[in-house]
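Numbering (this note's numbering), first residue to last: 164 to 652.
Beta carbons: idealized from backbone N, C-alpha and C, even for Gly.
First comes the structure, then the notes that go with it.
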């Protein structure tokens, strides 16, 4: 049967854009169906604007900290009404780099509207039928809205619409202590907004290491304008006569209290965008978590693939890109590839930053029992951190019995960069001690944390080597003082 396209990608966000470009590069006839702006949530409503806002807030915080340290600088007078225009200018500059408009010049057709499946090889678009040999569904996700009484009766923002605020509010209630809630809450607090974060769980950042999560909570509660309420449920919202918004909340022990704010931000997670696609007509199965896929990114209809937030299981920009390339490759090429999720790195842009890859210490002990070794490295031992006057944090390296990295958890400045070196080690399934032989630039966080942890791992490996132990014990002129070496690293 002859089709109009080799591949139709539904959704023009990061996953859709990447899949279309890759398939087009293989010489396939490709179309993107997009009902909104090309670029998707990551560019316009999530990753990019939130990080730009955080960076602006961090600069303000750093200037204020310099003043407190005795290094007198000019006072910082932030004109809050200029923050959002600045943010929008950043987004426009990023969109020029991505250059979505140039897709047309590559031969990719851009079709505006909402696609509705009529079968496995056909969608309806604005009253017309579009056929394709393969489809990739990359419709992304939308903010999840919790069933809190009164929430639907008040004006509130989500992590997508919050960037439409005209000026920084005086106060804000944030629902959710995950990455989005922590990042946005912290950014607004740095910009002078009084922020209360409400989290039902007994800790923030539930996917991160338990110990580091607790340590970060301690640091964040010491920040100006920021208060985090864990183990607390949002019960009821009410509008007040003065225009403020009141929240009744309840702790796990049953204690009820109230707080008020100018604005409310909902950041409790995201849900897959599957409504309106008529997936049943194409035989595509899905759950409340998203479209069901196999390791080749195929749905229950083998010619239809899914990538990005709509498929999960990890809703991150780089994962959307990785899935998109693999989905396009499997749709267009005869040899198929499976996807791996074990080597995905995460980062939350808190202060200090929290990054991780692989298993947490608790997960590793459940899986490997006592065959786990944990190297803990505090920032107080890192020379660059001392130079930068910020020794907050702790780094943990989880190793198996063969010294191979099965998890790493970093709570420190520059964690977003540090985690990549560890990601490579884990992906290549190499011992952490291999990094011991690689000179790192001094004084950097890479040298002070990763290289030193590798030195510790190498020294412990030597210490446990039966031949080395024998030599150090009985060979004239040698003594086993390796414990001293480890303590000094």
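For residue i, which of helix, strand or coil comes out of DSSP?
{"i": "residue 188", "result": "helix"}
{"i": "residue 426", "result": "strand"}
{"i": "residue 358", "result": "strand"}
{"i": "residue 624", "result": "helix"}
{"i": "residue 421", "result": "strand"}
{"i": "residue 399", "result": "strand"}
{"i": "residue 351", "result": "helix"}
{"i": "residue 302", "result": "coil"}
{"i": "residue 295", "result": "strand"}
{"i": "residue 608", "result": "helix"}
{"i": "residue 365", "result": "coil"}
Thinking C-alpha only, which one of the options is nearest residue i?
{"i": "residue 274", "options": "317, 183, 537", "result": "183"}
{"i": "residue 524", "options": "496, 563, 548, 492", "result": "563"}
{"i": "residue 138", "options": "320, 633, 178", "result": "What the structure shows of the chain is the stretch from 164 to 652, and residue 138 is not part of that stretch, so it cannot be assessed."}
{"i": "residue 386", "options": "221, 461, 479, 578", "result": "221"}
{"i": "residue 559", "options": "536, 579, 467, 552", "result": "536"}
{"i": "residue 337", "options": "253, 352, 171, 595", "result": "352"}
{"i": "residue 556", "options": "585, 518, 566, 593", "result": "518"}
{"i": "residue 227", "options": "304, 354, 528, 565", "result": "354"}
{"i": "residue 581", "options": "520, 529, 531", "result": "520"}
{"i": "residue 652", "options": "545, 250, 461", "result": "545"}
{"i": "residue 615", "options": "625, 364, 595", "result": "595"}
{"i": "residue 152", "options": "430, 316, 419, 329", "result": "Residue 152 falls outside the range modelled here, since the chain spans only 164 to 652, and no answer is possible."}
{"i": "residue 626", "options": "610, 644, 609", "result": "644"}
{"i": "residue 194", "options": "646, 244, 491, 416", "result": "491"}
Please find out if some non-hydrogen atom of the ligand NAP comes closer than 7 Å to the beta-carbon of residue i.
{"i": "residue 603", "result": "Looking for the ligand NAP in the displayed structure turns up nothing, as the structure carries no ligands at all."}
Report the rounded CA-to-CA distance for residue i versus residue j, giving the unit in angstroms.
{"i": "residue 640", "j": "residue 634", "result": "10 Å"}
{"i": "residue 587", "j": "residue 569", "result": "12 Å"}
{"i": "residue 367", "j": "residue 379", "result": "9 Å"}
{"i": "residue 356", "j": "residue 390", "result": "11 Å"}
{"i": "residue 335", "j": "residue 427", "result": "5 Å"}
{"i": "residue 331", "j": "residue 359", "result": "15 Å"}
{"i": "residue 302", "j": "residue 414", "result": "37 Å"}
{"i": "residue 300", "j": "residue 438", "result": "12 Å"}
{"i": "residue 530", "j": "residue 199", "result": "45 Å"}
{"i": "residue 441", "j": "residue 281", "result": "8 Å"}
{"i": "residue 313", "j": "residue 306", "result": "18 Å"}
{"i": "residue 278", "j": "residue 286", "result": "6 Å"}
{"i": "residue 533", "j": "residue 565", "result": "13 Å"}
{"i": "residue 271", "j": "residue 191", "result": "9 Å"}
{"i": "residue 250", "j": "residue 528", "result": "44 Å"}
With 16 other CB atoms within 10 Å as the buried threshold, where does residue i fall?
{"i": "residue 550", "result": "exposed"}
{"i": "residue 486", "result": "buried"}
{"i": "residue 514", "result": "buried"}
{"i": "residue 376", "result": "buried"}
{"i": "residue 498", "result": "exposed"}
{"i": "residue 628", "result": "exposed"}
{"i": "residue 589", "result": "buried"}
{"i": "residue 248", "result": "exposed"}
{"i": "residue 212", "result": "buried"}
{"i": "residue 176", "result": "buried"}
{"i": "residue 592", "result": "exposed"}
{"i": "residue 404", "result": "exposed"}
{"i": "residue 630", "result": "exposed"}
Next on the checklist: Counting beta carbon pairs with one atom in the region 407–419 and one in the region 366–375, are three or more of them shorter than 8 Å?
Outcome noted: Contact fails: fewer than three Cβ-Cβ distances are below 8 Å.
Checklist entry - Per the contact definition of three or more C-beta pairs closer than 8 Å, is the region 345–362 in contact with the region 456–473? => result As far as the Cβ criterion goes, the region 456–473 does not touch the region 345–362, which means the pair count is below three.
Item to check | the region 252–271 / the region 179–195 touching (three or more Cβ pairs under 8 Å) | outcome: The region 179–195 and the region 252–271 touch, with three or more beta-carbon pairs separated by less than 8 Å.
Next on the checklist: Does the contact criterion of 3 or more C-beta pairs under 8 Å hold for the region 583–602 versus the region 618–627?
Outcome noted: Yes, since at least three Cβ pairs between the region 583–602 and the region 618–627 fall closer than 8 Å, the two stretches touch.
Checklist entry - Using 8 Å as the threshold, is the region 312–325 in touch with the region 504–517, meaning 3 or more CB pairs across them? => result The answer is no - the region 504–517 does not touch the region 312–325, with fewer than three Cβ pairs under 8 Å.
Item to check | Stretch-stretch touch, CB-based, cutoff 8 Å, three pairs: the region 330–341 with the region 448–458 | outcome: Because the criterion of three Cβ pairs below 8 Å is not met, the region 330–341 and the region 448–458 do not touch.
Next on the checklist: Using 8 Å as the cut-off, can you tell me whether the region 392–406 makes contact with the region 570–590, which would need three or more C-beta pairs spanning the two stretches below that distance?
Outcome noted: The region 570–590 and the region 392–406 do not touch, with fewer than three beta-carbon pairs separated by less than 8 Å.
Item to check | contact_flag[the region 290–303, the region 167–178] where n(CB pairs < 8 Å) is 3 or more | outcome: With the cut-off at 8 Å, the region 290–303 and the region 167–178 touch.
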